[in-house]
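*Asks:*
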Amino acid sequence: MAASVYDAKQERKTIGVFLEQASGVLEGVSLELLSRGRQLADQAGWSLTGLLLGHAVEHLAREAMAHGADEVVLAEHPLLETFTVEACAHTAFQAIVEGKPSVFLLGATPNGRDLAGRLAVRLRTGLNADCTDLRLIPETGVLVSEVSGFGGGVLALIEMRNHRPQLATVRPGVFRPGQADPGRQGRVIRSPVNLTEAMIHTRVVQRTVGRMADLTKARVLVVGGRGIEGHFDMLRELADLIGGDVGATRPPVDEGHIERERQIGQTGVVCRPKVAIVCGVSGAFHFIVGVQEADVIIAINSDSEAPIFDFSDYCVVGDALHVVRDLIRVLRDVREASYA
Ligand SMILES: Cc1cc2nc3c(=O)[nH]c(=O)nc-3n(C[C@H](O)[C@H](O)[C@H](O)COP(=O)(O)OP(=O)(O)OC[C@H]3O[C@@H](n4cnc5c(N)ncnc54)[C@H](O)[C@@H]3O)c2cc1C
């Protein structure tokens with residue numbers, strides 16, 4: 159592989175985090191990366207640097223500092239107001255070459271993934287995509303990225319010895335965001351931006367924000383697998399009664415019973431609810447990685463040998479549709495009795 163634009167001898171001992179934002183609001187994954195980045199930086203005695211691109215977004219630099227950044231490189235320009243990958247790749251590339259961070263982390267969001275690929279090519283470095291954990295060896299400064307491969311059958315630990323920055327994307331929900339400390343101070347470093355309209359070949363004509371479900375924020379989840387045979391109406395009713403949201407395994411999503419944004423697992427979202435009620439789900443590894451951080455898992459499966467029971471705190475052997483129907487009835491009765 160060709161040498162990277164800068165190498166390990168020229169690097170600065172700092173962990174860079176791309177502070178992804180939209181309409182002046184930081185993406186949750188940016189706060190999660192700041193939290194993990196802070197832990198790694200403290201272990202190694204390094205600094206933590208945010209990279210913030212946008213227009214009139216300086217307030218977000220303060221927010222990033224409250225969440226652990228020592229400094230924020232701020233690149234503001236009207237052409238950065240709405241994310242376009244060309245403008246962001248050009249500006250981020252310049253800031254990274256200037257700052258030479260040893261590590262640079264991005265969220266594996268649609269825009270983060272798009273940007274990370276372009277940065278890897280421009281910087282001639284590698285990209286550890288969709289990491290499930292990150293560690294830093296303090297003695298060598300080498301980032302160890304955990305990535306699942308071969309359909310989840312293998313967990314690979316990837317190290318980048320010479321190429322810099324050590325570039326990685328992490329899916330939303332993998333790390334927990336830390337508590338903000340509004341008293342934390344840091345430095346804002348303004349980065350010059352030399353963008354012209356001619357450099358950007360995409361034009362944002364209209365920005366429509368869809369009402370997509372965000373299961374990463376759900377405190378209670380009712381999850382349906384193939385075993386519920388598409389009866390998500392019943393799961394929605396249960397979820398409404400207990401103030402939860404509805405998720406799914408991949409088969410019902412592939413069969414069109416529920417929206418893809420509700421798929422939990424390796425190729426879906428990673429969730430950390432307080433409670434997950436998992437109905438008619440076998441417990442394949444690809445699914446488990448998306449729900450194993452739940453505080454309590456309650457599984458309902460007709461097969462007493464189903465692997466999901468190995469990961470569950472409460473195991474109900476039975477027909478999930480019957481159990482859910484009974485639960486709905488009992489909850490309604492309790493509710494009506496409390497109104498009487
Ligand atoms: C690269 C790759 C990525 C993947 N990513 C994901 C992912 O992100 N998310 C994901 O979910 N999957 C993913 N998969 C698929 C995954 O491997 C499993 O096939 C999938 O999770 C199985 O879904 P399931 O448990 O709903 O269905 P099944 O494995 O078919 O299990 C159905 C379960 O329902 C039970 N059941 C049947 N009827 C009833 C009933 N009436 N009441 C109670 N229980 C009943 C059965 O006993 C069984 O345990 C991926 C696969 C690959 C190869």
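Counting along the sequence shown from 1, when you hit position 189 you're at 347 in the working numbering, and nothing is skipped either side.
Idealized CB from N, CA, C, for every residue including glycine.
Note that the structure is a prediction, hence the values are computed from the model and not measured.
Decide if HIS480 is buried, meaning its Cβ has at least 16 other Cβ atoms within 10 Å, or exposed.
*Replies:* Along the sequence shown, one-based indexing puts residue 480 at 322. The residue in question, HIS480, is exposed, as its Cβ has fewer than 16 Cβ neighbours within 10 Å.
*Asks:* Between the alpha carbons of VAL315 and GLY275, how many angstroms are there, rounded?
*Replies:* Residue 315 sits at position 157 when you count from the first residue of the sequence shown. Residue 275 sits at position 117 when you count from the first residue of the sequence shown. The question names Val, yet the displayed sequence has Leu at residue 315. Each residue's alpha carbon lies about 20 angstroms from the other.
*Asks:* So what does LEU325 bridge to, in DSSP terms?
*Replies:* Position 167 of the sequence shown, counting from 1, holds the residue named residue 325. PHE262 and LEU285.
*Asks:* State buried or exposed for LEU192, treating a residue as buried only when at least 16 other CB atoms are found within 10 Å of its CB.
*Replies:* Looking up residue 192 in the sequence shown gives position 34. Label assigned to LEU192: buried.
*Asks:* Taking the beta strand (DSSP E) that ARG348 falls in, what are its first and last residues?
*Replies:* Numbered from 1 along the sequence shown, position 190 holds the residue referred to as residue 348. ARG348 -> beta strand (DSSP E) spans 345-348.
*Asks:* Would you mind sorting ALA495 into buried or exposed? The rule is 16 or more other CB atoms within 10 Å of its CB.
*Replies:* In the sequence shown, the residue the question calls residue 495 occupies position 337. When all chains shown are included, ALA495 counts as exposed.
*Asks:* Should the region 244-256 be regarded as contacting the region 279-287, the criterion being three or more beta carbon pairs within less than 8 angstroms?
*Replies:* Counting Cβ pairs under 8 angstroms, three or more are found: they touch.
*Asks:* Rank ALA478, ARG329, HIS444 and VAL447 by C-alpha distance to the C-alpha of ASN459 and give the top, closest one.
*Replies:* Mapped onto the sequence shown, residue 459 falls at position 301. Checked all of ALA478, ARG329, HIS444 and VAL447; the closest Cα to ASN459 is ALA478.
*Asks:* Determine the direct distance from the alpha carbon of GLU413 to that of THR407, and round the result to whole angstroms.
*Replies:* Along the sequence shown, one-based indexing puts residue 407 at 249. Along the sequence shown, one-based indexing puts residue 413 at 255. The alpha-carbon atoms of THR407 and GLU413 are separated by roughly 11 angstroms.
*Asks:* For ASP339, which residues in the same chain have their Cβ closer than 7 angstroms to its Cβ, ignoring the five residues on either side in sequence?
*Replies:* Within the sequence shown, the letter at position 181 stands for residue 339. Same-chain partners within the cutoff: ALA224.
*Asks:* Within a Cβ cutoff of 7 angstroms, which residues of the same chain sit near TRP204, ignoring the five residues on either side of it in sequence?
*Replies:* Working through the sequence shown from its first residue, we reach residue 204 at position 46. LYS171, THR172 and ILE173, listed in sequence order.
*Asks:* Does GLN201 pass the burial test, meaning 16 or more other C-beta atoms within 10 Å, or should it be called exposed?
*Replies:* If you number the sequence shown from 1, residue 201 lands on position 43. With fewer than 16 other Cβ atoms within 10 Å, it is exposed.
*Asks:* Between GLY401 and VAL381, how many whole angstroms is the CB-CB distance? I'm expecting something under 8 angstroms.
*Replies:* Along the sequence shown, read from residue 1 onward, the residue named residue 401 stands at position 243. Along the sequence shown, read from residue 1 onward, the residue named residue 381 stands at position 223. Not quite, the Cβ-Cβ distance comes to about 15 angstroms (not below 8 angstroms), so this is no contact.
*Asks:* In the region 365-424, which residue ranges form an unbroken alpha helix (DSSP H) of at least 4 residues, counting only runs that do not cross its ends?
*Replies:* Runs found: 390-399 and 408-412.
*Asks:* Measure the CB-CB distance between CYS437 and LEU399 and report whether it falls below 8 angstroms.
*Replies:* In the sequence shown, the residue the question calls residue 437 occupies position 279. In the sequence shown, the residue the question calls residue 399 occupies position 241. No, Cβ-Cβ distance for CYS437 and LEU399 is not below 8 angstroms.
*Asks:* Given ASP461, which residues of its chain have a CB within under 6 angstroms of its CB, disregarding the five upstream and five downstream residues?
*Replies:* As a first step, residue 461 must be located in the sequence shown, where it is residue number 303. Around ASP461: no qualifying Cβ.
*Asks:* Who are ASN459's beta bridge partners in DSSP?
*Replies:* In the sequence shown, the residue the question calls residue 459 occupies position 301. In DSSP, ASN459 forms a bridge with VAL475.
*Asks:* My output table needs one value for GLU451: the three-state DSSP class, helix, strand or coil.
*Replies:* As a position in the sequence shown, residue 451 is number 293, starting the count at 1. Residue state, collapsed to three classes: coil.
*Asks:* State whether the region 176-186 contacts the region 210-227, with contact taken as three or more CB pairs (one from each stretch) at a distance under 8 angstroms.
*Replies:* Yes, the region 176-186 is in contact with the region 210-227.
*Asks:* Confirm the yes/no value for this check: CB of VAL439, any heavy atom of ligand 1, distance under 7 angstroms.
*Replies:* Here residue 439 refers to the residue found at position 281 when the sequence shown is read from its first residue. Indeed, a heavy atom of ligand 1 lies less than 7 angstroms from the Cβ.
*Asks:* So, using beta-carbon positions, are GLY441 and PRO409 closer together than 8 angstroms?
*Replies:* To locate residue 441, count along the sequence shown from 1; it is residue 283. To locate residue 409, count along the sequence shown from 1; it is residue 251. For GLY441 and PRO409, no; Cβs fall outside 8 angstroms.
*Asks:* For LEU237, tell me which candidate among ASP468, ASP288, THR249 and ILE347 has the shortest Cα-Cα distance.
*Replies:* Counted from its first residue, the sequence shown places residue 237 at position 79. Of the candidates ASP468, ASP288, THR249 and ILE347, the one whose C-alpha sits nearest the C-alpha of LEU237 is THR249.
*Asks:* What runs of the beta strand (DSSP E), each 3 residues or longer, lie entirely inside the region 180-252?
*Replies:* Segments of the beta strand (DSSP E) lying fully in the region 180-252: 205-212 and 229-234.
*Asks:* Since PRO296 contacts GLU190 with CB under 8 angstroms, what's their CB separation in whole angstroms?
*Replies:* The residue given as residue 296 occupies position 138 in the sequence shown. The residue given as residue 190 occupies position 32 in the sequence shown. Actually they do not touch by this definition, with Cβ atoms about 22 angstroms apart.
*Asks:* With distance defined between alpha-carbon atoms, name the residue in VAL362, GLY270 and PRO259 nearest to LEU301.
*Replies:* Locating residue 301 in the sequence shown gives position 143, where the first residue counts as 1. The shortest Cα separation from LEU301 among VAL362, GLY270 and PRO259 belongs to PRO259.
*Asks:* How would you label GLU355, buried or exposed, when you count the other beta carbons within 10 angstroms and need 16 or more for buried?
*Replies:* The sequence position of residue 355 within the sequence shown is 197, counting from 1. By the neighbour-count rule (16 or more Cβ atoms within 10 Å), GLU355 is not buried but exposed.
*Asks:* Compute the Euclidean distance between the alpha carbons of VAL378 and ARG420, then round it to the nearest angstrom.
*Replies:* Stepping through the sequence shown from its first residue, residue 378 is reached at position 220. Stepping through the sequence shown from its first residue, residue 420 is reached at position 262. Cα to Cα, the separation comes out at about 14 angstroms.
*Asks:* Measuring CA to CA, which of ALA498, ALA233, GLU317 and GLU178 is closest to PRO268?
*Replies:* Along the sequence shown, read from residue 1 onward, the residue named residue 268 stands at position 110. Residue GLU178 is the option with its Cα nearest to PRO268.
*Asks:* Tell me whether PRO350 is buried or exposed, calling it buried when 16 or more other Cβ atoms sit within 10 Å of its Cβ.
*Replies:* Counted from its first residue, the sequence shown places residue 350 at position 192. Exposed: under 16 other Cβ atoms inside 10 Å.
*Asks:* Taking the beta carbon of ASN352 as the centre, do at least 16 other beta carbons fall within 10 Å, making it buried, or is it exposed?
*Replies:* Position 194 of the sequence shown, counting from 1, holds the residue named residue 352. Per the 10 Å Cβ criterion, exposed.
*Asks:* What is the DSSP secondary structure of ASP291, counted as helix, strand or coil?
*Replies:* Your numbering for residue 291 matches position 133 in the sequence shown. DSSP places ASP291 in strand when its eight states are reduced to three.
*Asks:* How would you write the range of the beta strand (DSSP E) that PHE176 sits in, first residue to last?
*Replies:* Taking the sequence shown and counting its residues from 1, one reaches residue 176 at position 18. Per DSSP, PHE176 belongs to the beta strand (DSSP E) from 170-176.
*Asks:* Between LEU206 and ALA227, is the Cβ-Cβ spacing less than 8 angstroms?
*Replies:* Along the sequence shown, one-based indexing puts residue 206 at 48. Along the sequence shown, one-based indexing puts residue 227 at 69. Yes; because the gap between Cβ atoms is below 8 angstroms, this pair is in contact.
*Asks:* Can you find a heavy atom of ligand 1 that lies under 7 angstroms from the Cβ of PHE445?
*Replies:* Translated into the one-based positions of the sequence shown, residue 445 becomes position 287. Checking the Cβ of PHE445 against ligand 1 gives yes.
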